[in-house]
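4 protein chains.
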Amino acid sequence: MADRDLRIAVVGAGMMGGDHIARLTQRVSGANVAAIVEPDAARADAAAANARGAAVHADIRDALDHDDLDAVLIATPGPFHAPVLLPCLEAGVAIFCEKPLTPDSESSLRVLDAEQRLDRPHIQVGFMRRLDAEHVALRELIASGDLGALLLMHCAHRNPSTPPTYTEAMLITDSVVHEFDTVPWLAGQRIVSVDVRKPRRNSLAPPSLDEPQLVFIELESGAIAIVEINVNVQFGYQVTTEAVMERGVAEIGRTAGLEVWRDARWAGAEHTTFKTRFGAAFDVQIQRWVDAVHRGEIDGASAWDGYLAAAACEAGVAAQRTGQRVEVTAVARPAFYDSRPDPLGR
Amino acid sequence: MADRDLRIAVVGAGMMGGDHIARLTQRVSGANVAAIVEPDAARADAAAANARGAAVHADIRDALDHDDLDAVLIATPGPFHAPVLLPCLEAGVAIFCEKPLTPDSESSLRVLDAEQRLDRPHIQVGFMRRLDAEHVALRELIASGDLGALLLMHCAHRNPSTPPTYTEAMLITDSVVHEFDTVPWLAGQRIVSVDVRKPRRNSLAPPSLDEPQLVFIELESGAIAIVEINVNVQFGYQVTTEAVMERGVAEIGRTAGLEVWRDARWAGAEHTTFKTRFGAAFDVQIQRWVDAVHRGEIDGASAWDGYLAAAACEAGVAAQRTGQRVEVTAVARPAFYDSRPDPLGR
Amino acid sequence: MADRDLRIAVVGAGMMGGDHIARLTQRVSGANVAAIVEPDAARADAAAANARGAAVHADIRDALDHDDLDAVLIATPGPFHAPVLLPCLEAGVAIFCEKPLTPDSESSLRVLDAEQRLDRPHIQVGFMRRLDAEHVALRELIASGDLGALLLMHCAHRNPSTPPTYTEAMLITDSVVHEFDTVPWLAGQRIVSVDVRKPRRNSLAPPSLDEPQLVFIELESGAIAIVEINVNVQFGYQVTTEAVMERGVAEIGRTAGLEVWRDARWAGAEHTTFKTRFGAAFDVQIQRWVDAVHRGEIDGASAWDGYLAAAACEAGVAAQRTGQRVEVTAVARPAFYDSRPDPLGR
Amino acid sequence: MADRDLRIAVVGAGMMGGDHIARLTQRVSGANVAAIVEPDAARADAAAANARGAAVHADIRDALDHDDLDAVLIATPGPFHAPVLLPCLEAGVAIFCEKPLTPDSESSLRVLDAEQRLDRPHIQVGFMRRLDAEHVALRELIASGDLGALLLMHCAHRNPSTPPTYTEAMLITDSVVHEFDTVPWLAGQRIVSVDVRKPRRNSLAPPSLDEPQLVFIELESGAIAIVEINVNVQFGYQVTTEAVMERGVAEIGRTAGLEVWRDARWAGAEHTTFKTRFGAAFDVQIQRWVDAVHRGEIDGASAWDGYLAAAACEAGVAAQRTGQRVEVTAVARPAFYDSRPDPLGR
């Protein structure tokens, strides 16, 4: 691969595509959005405004022909994935494809066939739960065998609402598809069978949807995962998994992160370093500083704030030494530091 | 500012400097590490290995003279900040300075004087808690006045251990300096006075440190923040703030994030969208994919995983329609997809 | 009913019977254990030692004939309930019967027939979850309709272990029998059907038990309760119910009591009065004091402790008035107050 | 002590006295309310209505002279304790005295003097936190030394409101008096000094109270307890203690009970037996059944409920054996079981 930032075409400029464009241009290092492929011209232009220099096309073939691409990120609805995947594989570019790969196994097999004509796998599928720290920790716990064999999983998959185009089959193909990847990935076992049961219907769901539903996933060992798929709950978004093992129960997706019940205690991990507690804040801070410098500004605490803290430290060290209350004094703030309006008027 | 990725010199290649180099090269968009300034040659070389193409210098002036810098990030110990800040200000580059700005107010004022010779503030100080989502949420809650006036803050600042060079004064200048910035920033008020009280000494602290200590920060309104500074607790890392207001109490830094007690209920926010629940996983996923493509690989779910999920979806839709248990069948996995070793042997 | 403490016969002096004898003699007001009915003589005598003055019999008929009973409490295994219930009903005494009433519906109907020859119901069954504060609060929440219709319940019923006599059918008749009472009581609906599914077997369960099992309880409205019955988990005891309603989810049985997820927040109740926070401590305190007075002792804080608190209060009021640190002084402790050994040597 | 239920006089029939009368008559075994001493005739009569057979007096001496008392429970305001304690000690009866013993140390010493004329301590003081399970567990944890020496305690003492008669000194003598007992009891050490600091005043407090206040309690070892006394918070009732030790932190008074942070984990205890999880429900159940039997009723699940559960069990066992869905059938409910109206119409 050339030693340059990746030139990427983003295919589909809807909600997910727009989100990925922002990610690639504003937060990810080593990549640029070189092209946007979107048949809806207005939507394409709006997306291009956020990706300086990106070409705009209505068809992936035009992008592959003209934009010197290293990679393609596919964010269209699932039924449109195969027609984009096949020419991309032919062109030999790297591919990131949002889930599902395709909505049915026959079209997926056609994609696999095409990919196998290349020297190695080129497609990565957007099952992002595999990168979620809690899911990773749960998988490691199960794989360690510390708590014995996995017996059951109770999964809740609750979304506030669905778009108008959402059909009952999509409960499976668009939503439970996540669990169809996550459950065997967590358990280290393949799926043997599936069945579905319908409890009382939620009157708040759209008329065309008979939900919630219970999906039973049977694994090779006999372990069962019960998925509550419930995607018009309106009161919030929640993805939880409670894994019942022989010697303990572990749960993710609650506010406290991974919690484990064993030896008569429920316990959650506490931080051991600022790198985990404040890691995201450090990343955001430097990204925002870099972005502000591009604009000729700062975006965070100023030297004035640093001075005020130094003045307080001086008083603090004196107080520490003397055991007395020490007043904190400061020079008047120069107008020079007034430039950034502070909503709290400090 | 030139329309190019920022050319940044990182000054200091210790633990914090190395962390910032990794951040700038691997995760932050729009910036490159152009130079590393570090007098310890071995440490400088080790750092340079992680920043392809970065020049190495023992003195900031050499970097300013030769490396066409846009910005400087200072990560040396606090006493060495001023000697780097002053030539950088003279050169007019953008500056990110780790906390503290300087360890005392006199040197801070000298820095402010130098900065004011420029057209606008150029220094941003690394009080990263201002970018922590929980701190931001607490500040907004206090500023909203919904829970009445702020009366008290109980702050715990607990670290597992301190380095050998850490002195008792650094309890204030290196650790409580965070609260000296955060407490007034949260409260929207200046600090009026400080005093310190010492309870029983922790026998596990290094012999030179008499800690924990209690630091009392009095604000303009009379509100008091009590800071427990306790930096050799060994069992974990924790930064918490419990803000007592007239009509409620809010707390951050516990595992469940911002929690509020009002109207006889303790409550924490639940997610309302996948963008908050899985936002970090999405960012990590795409960054890891971009990094893998640079290496000619994928780093996540493959098309084979996508096919398996499609096969399960087919069974799921059939099960949903028929009410029966449906077996999930799949073709044999082609050796083509064996290339990535999977620790779980799936 | 005569205006005297109830004269009660406890039938069965095993673990549950012994627990009830302790309850009736040591904590419950208005009742005495007048007789113990237990065919195992050694066990009967051991139980009688804890119930001063109680007669001992091997057969309930002897107790009914000779002990002037007001009531009978039945704590034998379920299959022995009917032979005790029938003569008690004939005698017209009040009856408390541990769950289950009987293990099958035919024998239960015989008991109902006998009871209906009396003027009013005389039997109360020990479904004690109906008296658990969390279950009561959940029932009220469901009945209020505030969160819309009930759609699903996820119930976990986890016990550390089972006795040697426990059979696989007892998973249903001895354990899930609780949910067979609680689920319809919580939902305000009858049970329509039941089915059972078996996931992977827990290798730590006794060889004769194929568990855990999943029991599906279908209610009149179509709502489904899924019960995980898992009674050899060894690591703890847990009974939880998560009720999924149209506009929110409520859960009981976790450490934080009843928690509700609605409007994007998880919230739990906080106390509003010492009567709930310390109600149990007040009851225990007075019961222990009464018991100690019977022994000629005290069992709690002494007048000396009261004096020490008064001395601290004096210092506290002075400190409050003066803003100064005030030493707390006390006279030497008279040997008179040494009599109660204190494990902490205070 | 005579082998009969204790004959107790309750002195003071206000809120606390009324609460104790209900406890002694309705929940505590082995005691009766033989007399009520209350100068306010209307209040005395109201209280007597809840204690069948209790004599009513305006002066403790009349009760001591005429009511054959074994014990006295004192629930008047603190300043009236000494005038009741002294004649009771002279009479040699057992005494339970609500906190404080007396409001100042001089009067407390007079009481100690009088008590020492008896053969052994007769007074127990109502520091009921010593009987609270969480406080007991925290004390044991501290005393065990497992987490090293105690360094700090952070105590919050928050009440919704205070009565009109509450004065600023009572912040100390009526409220912090609890911590003046609990802190040394938890720590196993005496109090050395006290001081008080006042942060910003809560504008919702009554005009005569300058609160919240911070009370510092210094112990023999140098450990410090900081008490936030804050008794007009309106939004709830909370008593918490966070004990900072050398190798861990333990906290009580939050919804999850005793939680401990050590070895990088926060953990709370889970139940290991139904006896702790449902112990209170068992006690309440039997007390309510006994009370109902006195009224000629039942108060809980009936035999009809027992029959319904038996019918479900039968279906459950069949479902377990066959793997099929089994319908639950029941005979029609006889009118005999309609007598207890059920708010849910079940």
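In the order they appear, the protein sequences are chains A, B, C and D. Numbering-wise (my numbering), the first sequence opens with residue 1301 and increments by one. Numbering-wise (my numbering), the second sequence opens with residue 1301 and increments by one. Numbering-wise (my numbering), the third sequence opens with residue 1301 and increments by one. Numbering-wise (my numbering), the fourth sequence opens with residue 1301 and increments by one. The beta-carbon is built from N, C-alpha and C at its ideal position, and this holds for glycine as well.
Amino acids of chain B, ordered along the chain, whose beta-carbon sits closer than 7 Å to that of residue i
{"i": "residue 1473 of chain A", "result": "1613, 1617"}
Closest Cα partner of residue i within the set the options
{"i": "residue 1528 of chain D", "options": "B:1536, B:1542, B:1537, B:1520", "result": "B:1542"}
{"i": "residue 1371 of chain A", "options": "A:1475, A:1305, A:1381", "result": "A:1305"}
{"i": "residue 1448 of chain C", "options": "C:1547, C:1477, C:1594, C:1310", "result": "C:1547"}
{"i": "residue 1394 of chain B", "options": "B:1407, B:1418, B:1346, B:1378", "result": "B:1418"}
{"i": "residue 1612 of chain D", "options": "C:1476, C:1364, C:1535", "result": "C:1476"}
{"i": "residue 1471 of chain B", "options": "B:1488, B:1453, B:1505, B:1441", "result": "B:1505"}
{"i": "residue 1573 of chain B", "options": "A:1462, A:1508, A:1636", "result": "A:1462"}
{"i": "residue 1616 of chain B", "options": "A:1497, A:1532, A:1637", "result": "A:1497"}
{"i": "residue 1347 of chain B", "options": "B:1313, B:1602, B:1329", "result": "B:1313"}
{"i": "residue 1481 of chain C", "options": "D:1608, D:1595, D:1510, D:1614", "result": "D:1608"}
{"i": "residue 1464 of chain B", "options": "B:1507, B:1485, B:1383", "result": "B:1507"}
{"i": "residue 1501 of chain B", "options": "B:1510, B:1494, B:1493", "result": "B:1510"}
{"i": "residue 1620 of chain D", "options": "C:1493, C:1544, C:1384", "result": "C:1493"}
Beta carbon of residue i nearer than 9 Å to that of residue j
{"i": "residue 1491 of chain C", "j": "residue 1519 of chain C", "result": "yes"}
{"i": "residue 1426 of chain B", "j": "residue 1455 of chain B", "result": "no"}
{"i": "residue 1569 of chain D", "j": "residue 1565 of chain A", "result": "yes"}
{"i": "residue 1386 of chain C", "j": "residue 1411 of chain C", "result": "yes"}
{"i": "residue 1363 of chain C", "j": "residue 1424 of chain D", "result": "no"}
{"i": "residue 1311 of chain C", "j": "residue 1318 of chain C", "result": "no"}
{"i": "residue 1531 of chain B", "j": "residue 1457 of chain B", "result": "yes"}
{"i": "residue 1402 of chain B", "j": "residue 1632 of chain A", "result": "no"}
{"i": "residue 1585 of chain C", "j": "residue 1451 of chain D", "result": "no"}
{"i": "residue 1555 of chain D", "j": "residue 1555 of chain C", "result": "yes"}
{"i": "residue 1429 of chain B", "j": "residue 1581 of chain A", "result": "yes"}
{"i": "residue 1670 of chain B", "j": "residue 1557 of chain B", "result": "A question about residue 1670 of chain B goes unanswered here, because the residues of chain B that appear run from 1301 up to 1646."}
{"i": "residue 1405 of chain A", "j": "residue 1559 of chain B", "result": "no"}
Under 9 Å by beta carbon: chain C residues contacting residue i
{"i": "residue 1523 of chain A", "result": "1499, 1500"}
{"i": "residue 1589 of chain B", "result": "In chain order: nothing, as chain C lies at least about 31 Å away."}
Neighbourhood of residue i by C-beta distance below 7 Å, restricted to the same chain and skipping five residues each side
{"i": "residue 1351 of chain C", "result": "1321, 1325, 1333, 1336"}
{"i": "residue 1307 of chain D", "result": "1332, 1334, 1367, 1368, 1369, 1370"}
{"i": "residue 1512 of chain A", "result": "1499, 1502, 1528, 1529, 1530"}
{"i": "residue 1361 of chain C", "result": "1387"}
{"i": "residue 1561 of chain B", "result": "1548, 1549"}
{"i": "residue 1400 of chain C", "result": "1378, 1473, 1477"}
Within chain B, the residues that residue i reaches when beta carbons sit closer than 8 Å
{"i": "residue 1565 of chain C", "result": "1567, 1568, 1569, 1570"}
Under 9 Å by beta carbon: chain B residues contacting residue i
{"i": "residue 1461 of chain D", "result": "Within 9 Å Cβ-Cβ: nothing; residue 1461 of chain D doesn't reach chain B, min ~13 Å."}
{"i": "residue 1555 of chain D", "result": "1566"}
Chain-order list of residues whose beta-carbon lies under 8 Å from that of residue i (same chain, five-residue window excluded)
{"i": "residue 1392 of chain B", "result": "1418, 1422"}
{"i": "residue 1599 of chain B", "result": "1588, 1589, 1591, 1592"}
6 Å CB neighbourhood of residue i in its chain, flanking five on each side removed
{"i": "residue 1469 of chain A", "result": "none"}
{"i": "residue 1605 of chain A", "result": "none"}
{"i": "residue 1375 of chain D", "result": "1312, 1316, 1317, 1320, 1398"}
Within chain C, the residues that residue i reaches when beta carbons sit closer than 7 Å
{"i": "residue 1454 of chain A", "result": "1454"}
Chain D residues whose Cβ lies nearer than 9 Å to that of residue i
{"i": "residue 1561 of chain A", "result": "1570"}
Contact set between residue i and chain D, taken where Cβ atoms lie within less than 8 Å
{"i": "residue 1507 of chain C", "result": "Those do not exist, as residue 1507 of chain C stays about 17 Å from chain D at its closest Cβ, beyond 8 Å."}
Contact list for residue i against chain A, beta-carbon separation under 9 Å
{"i": "residue 1526 of chain B", "result": "Going along chain A, no residue has its Cβ under 9 Å from residue 1526 of chain B, so there is no contact; the nearest lies around 13 Å."}
Which residues, taken in chain order from the stretch 1406 to 1434 of chain C, show a beta carbon closer than 8 Å to some beta carbon of chain D?
-> 1407, 1408, 1409, 1411, 1412, 1415, 1416, 1420, 1421, 1422, 1423, 1424, 1425, 1426, 1427, 1428, 1429, 1430, 1431, 1432, 1433
Any residues in the stretch 1380 to 1397 of chain B with a beta carbon nearer than 8 Å to a beta carbon of chain D? Which ones, in chain order?
-> none
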